[in-house]
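Numbering (this note's numbering), first residue to last: 12 to 135. I have placed the structure first, in the form of structure tokens, so that the comments after it can refer back to it.
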């Protein structure tokens, strides 16, 4: 379970604005959440950091992120995932799931200074 926060900023004048923020639990890959119209079409960017740590979480994570970014509008939307390459097995599962779900990514940054490969993956 992760928590989502939605902030909508509406400018009223050049110097003032209001924020409408809502926070709620988000359980990955639950049909009720994915079909909830209050969540869909409300996010321009979804961030995930260090959330791929076991094989069972990969498909639910990707399915949920893709559902949250479903866009009937022309606004580009994206999912940025900070991924630590802990094992070839997890990386291979991630790549396979991306192909099967037709949710490709681009590596926008990679770092190995900690001894493990850490990457920022951009999904559109």
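No residue lacks a Cβ here, since even glycine has one placed at the ideal position from N, Cα and C.
Check: Assumed close pair residue 104, residue 60 - CB separation to whole angstroms, cut-off 8 angstroms; Outcome: No, residue 104 and residue 60 are not in contact; Cβ-Cβ is about 19 angstroms, not under 8 angstroms.
Check: Length-filtered (4 minimum) alpha helix (DSSP H) runs lying within the stretch 54-113; Outcome: 69-79 and 99-111
Check: Same chain only: Cβ atoms within 6 angstroms of residue 120, ignoring 5 sequence neighbours per side; Outcome: 131
Check: N-terminal and C-terminal residue of the beta strand (DSSP E) that residue 117 is part of; Outcome: 116-122
Check: Closest Cα partner of residue 94 within the set 127, 55 and 39; Outcome: 127
Check: N-terminal and C-terminal residue of the beta strand (DSSP E) that residue 127 is part of; Outcome: Careful: residue 127 lies outside any beta strand (DSSP E) and carries neither H nor E.
Check: Spatial neighbours of residue 122 in its chain, beta-carbon cut-off 8 angstroms, leaving aside the 5 residues before and after; Outcome: 128, 129 and 130
Check: Reference residue 69, options 115, 133, 134 and 108, closest by Cα; Outcome: 108
Check: The ligand NAP heavy atom lying under 7 angstroms from the CB of residue 108; Outcome: As for the ligand NAP, it is missing from this structure, which has no ligand bound.
Check: Cα-Cα separation between residue 2 and residue 134, rounded to whole angstroms; Outcome: With the chain running from 12 to 135 in the structure shown, residue 2 is simply not present.
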